[in-house]
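Participant:
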Amino acid sequence: MQNRMTGLQLEQAKLEAENAALKEQNQQLDTALGRLSTQCELLVQLKGKQEEENRHLLLEIQLLSRENRQLLERSMENREHFQEEQRQYQDKLGELRREKQKLVEKIMDQYRVLDPAIPRGK
Numbered sequence: 000m001q002n003r004m005t006g007l008q009l010e011q012a013k014l015e016a017e018n019a020a021l022k023e024q025n026q027q028l029d030t031a032l033g034r035l036s037t038q039c040e041l042l043v044q045l046k047g048k049q050e051e052e053n054r055h056l057l058l059e060i061q062l063l064s065r066e067n068r069q070l071l072e073r074s075m076e077n078r079e080h081f082q083e084e085q086r087q088y089q090d091k092l093g094e095l096r097r098e099k100q101k102l103v104e105k106i107m108d109q110y111r112v113l114d115p116a117i118p119r120g121k
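Residue 21 in numbering that gives the first Met the number 0 sits at position 22 of the sequence shown, with consecutive numbering throughout.
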């Protein structure tokens with residue numbers, strides 16, 4: 000009976016030690032769980048902020064894209080307008096050159112007509 004009592008006491012001590020170790024492990028796991036829960040909450044908040052920033056940036060991209068398209072359209076219109084004005088100026092310049100040539104020819108014709116009538120001093 001003494002041996003049985005000693006065996007049971009050893010078994011009890013062993014179980015108590017195991018229980019203490021399990022309690023310690025449980026406490027460590029609870030602490031780790033608390034840290035992980037806090038980190039999880041922070042990550043959820045960070046994710047929410049990132050999603051909000053992404054929505055804001057997407058709206059900004061859309062706005063900038065519209066502005067870019069409008070600028071491109073205006074640029075093309077200005078380019079077309081410039082080319083049209085340039086063509087008109089070149090046409091007008093051509094007309095003025097032709098008129099000048101005609102006037103030069105008329106003046107030369109007048110000199111030819113007047114030239115025989117002018118007495119030459121020999």
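Virtual Cβ for every residue (Gly too), placed ideally from N, Cα, C.
Is M107 helix, strand or coil by DSSP?
Facilitator: In the structure shown, M107 sits in a helix (DSSP, three-state: H, G or I).
Participant: Do you know how far the Cα of L71 is from the Cα of E59?
Facilitator: Going from the Cα of E59 to the Cα of L71 covers about 18 Å.
Participant: Do you know offhand how far N52's Cα is from V43's?
Facilitator: One detail in the question is off: residue 52 reads as Glu in this sequence, not Asn. If I take the Cα positions, the gap works out to 14 Å.
Participant: Ignoring anything shorter than 3 residues, give me the beta strand (DSSP E) runs that lie fully in the segment 25-109, in order along the chain.
Facilitator: Listed in chain order, nothing qualifies, since the segment 25-109 has no complete beta strand (DSSP E) run of 3 or more residues.
Participant: Would you tell me roughly how many angstroms separate the C-alpha atoms of D90 and R96, rounded to the nearest one?
Facilitator: Each residue's alpha carbon lies about 10 Å from the other.
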